[in-house]
Amino acid sequence: MNESADAVLIYDGECAYCSVAASALKRLDDVEAISWYDDAAQAFLDAQFADVPFAMVLVDRRERRVYAGRAAAKELTDRAGMPGLLGSLVRDNYDRIAKVVGAASGRGRDPDDVHSVYDLDAAAADLFAALLDNAEKRPAELS
6 MNESADAVLI
16 YDGECAYCSV
26 AASALKRLDD
36 VEAISWYDDA
46 AQAFLDAQFA
56 DVPFAMVLVD
66 RRERRVYAGR
76 AAAKELTDRA
86 GMPGLLGSLV
96 RDNYDRIAKV
106 VGAASGRGRD
116 PDDVHSVYDL
126 DAAAADLFAA
136 LLDNAEKRPA
146 ELS
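Residue numbers for the sequence shown, in our numbering: 6 to 148.
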């Protein structure tokens, strides 16, 4: 775990495609990843949204922002340095990609319709350390 990380991606940890994508994003030094099913992620989402939306969520404590759904996909492609066109394709087709991947992985549910950038709620910000503590180990941390 990178305790100095500024951002944590909450993603569908039971989706093989999503897990591969989250692993690729671990190349970004300041982004950690945690499964949506992890208790720390559930507590954070409940504090931030007063609900637990089933969506990809990027939490950035430095910017005090929470990106959800298409907004998270766009922010991640921007941070990964993907060209604007590719980022636009990912953002604009987020729902379609999520449905296809969900069907292929046997997930049985579609992401919730949450696609904006939100201010980081104070109660949710207090739970950021728990997200980091429960983030998935990077390959170098496993040895």
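Ideal placement from N, C-alpha and C gives every residue a C-beta, glycine not left out.
Item checked: Other residues of its chain near Ala-140: CB distance less than 7 Å, five sequence neighbours each side excluded -> Met-6, Val-13, Glu-37, Ala-38 and Ile-39
Notebook entry, point to check: Of the residues Thr-82, Ala-60 and Ala-48, which one's Cα is nearest the Cα of Asp-126?
Noted result: Ala-48
Check: Hey, His-120 and Ala-85: beta-carbon distance below 9 Å or not?
Finding: no
Next item on the list: With DSSP as the reference, label Asp-124 as helix, strand or coil.
Entry: strand
Item checked: Spatial neighbours of Phe-133 in its chain, beta-carbon cut-off 6 Å, leaving aside the 5 residues before and after -> Arg-66
Margin query: Classify Tyr-16: buried if its beta carbon has 16 or more other beta carbons within 10 angstroms, exposed otherwise.
Written below: Classification for Tyr-16: buried.
Notebook entry, point to check: By how many angstroms is the C-alpha of Lys-142 removed from the C-alpha of Asp-43?
Noted result: Straight-line Cα distance between these residues: approximately 14 Å.
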